[in-house]
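As numbered in my numbering, residues 1 to 136 make up the sequence shown, in order. Even for Gly, the Cβ is constructed at its ideal location relative to N, Cα and C. No experiment lies behind these values; they were computed from the predicted model shown.
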Amino acid sequence: MLASLRIKDIAIIDELDMKFCPHLNIITGETGAGKSIIINAVKLLSGKKAPRNMIRYGAERGYVYAEFFEQNKEIKTERTIYTSGRSRARINEGPVGLKELCERISPLLSICGQREYELLLDEERQIDIIDHYGGL
Numbered sequence: 001m002l003a004s005l006r007i008k009d010i011a012i013i014d015e016l017d018m019k020f021c022p023h024l025n026i027i028t029g030e031t032g033a034g035k036s037i038i039i040n041a042v043k044l045l046s047g048k049k050a051p052r053n054m055i056r057y058g059a060e061r062g063y064v065y066a067e068f069f070e071q072n073k074e075i076k077t078e079r080t081i082y083t084s085g086r087s088r089a090r091i092n093e094g095p096v097g098l099k100e101l102c103e104r105i106s107p108l109l110s111i112c113g114q115r116e117y118e119l120l121l122d123e124e125r126q127i128d129i130i131d132h133y134g135g136l
């Protein structure tokens with residue numbers, strides 16, 4: 001479960017801190033408010049490629065930090081992206097490569113975007129989701 005999120009100098013976001021409850025969390029806002037930026041920042045934590053133009057204009061780097069809880073165990077993860085095109089990732093304060101970041105964090109995320117609802121209509125995917133959240 002995603003417990004908290006901190007974003008700094010990503011796109012139009014100067015600094016943002018969010019806390020999440022263990023139940024349903026909804027992010028709403030007008031067009032251009034930054035909802036997609038938040039989702040894309042979270043995707044950085046799963047090892048997704050970070051385009052240089054994702055860093056806020058005038059900043060040297062962008063930063064995303066999140067705390068997850070899985071089976072009552074806290075997992076802290078962060079990713080810093082630089083204007084040079086390089087990035088640095090950490091899990092529980094230890095450096096990791098993007099492959100390891102993807103392997104460890106992607107299973108903790110289930111992001112379904114506006115046009116990705118078709119995935120939820122797939123019966124096998126539904127069973128996988130139920131099994132995952134049921135601890136099977």
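Determine whether the beta carbon atoms of residue i and residue j lie at a separation below 8 Å.
| i | j | result |
| --- | --- | --- |
| ASP9 | TYR63 | yes |
| PHE68 | LEU120 | no |
Shortest alpha-carbon distance to residue i belongs to which of the options?
| i | options | result |
| --- | --- | --- |
| ARG61 | SER36, ILE7, TYR133 and ILE130 | ILE7 |
| LEU108 | ILE75, THR28, ILE26 and TYR57 | ILE75 |
| LEU101 | ILE27, ALA66 and LYS73 | ALA66 |
| GLU70 | ARG90, LYS49, SER106 and LEU120 | SER106 |
| ILE27 | GLY135, ASP122 and ILE111 | ILE111 |
| GLU103 | PHE20, LYS48 and ALA3 | LYS48 |
What did DSSP end up calling residue i once you bin it into helix, strand or coil?
| i | result |
| --- | --- |
| LEU108 | helix |
| LEU5 | strand |
| GLU70 | strand |
| ILE27 | coil |
| ILE13 | strand |
| ALA59 | coil |
| SER46 | coil |
Which same chain residues end up closer than 6 Å to residue i when comparing Cβ atoms and leaving out the 5 residues on each side of it in sequence?
| i | result |
| --- | --- |
| MET18 | LEU5 |
If you drop the 5 nearest sequence neighbours on each side, which residues of the same chain put their C-beta closer than 7 Å to that of residue i?
| i | result |
| --- | --- |
| GLY29 | LYS35 |
| ARG52 | THR83 and GLY85 |
At least 3 beta-carbon pairs within less than 8 Å: the region 10-22 vs the region 31-42:
yes
Cβ pair count under 8 Å reaching 3, the region 43-52 against the region 63-79:
yes
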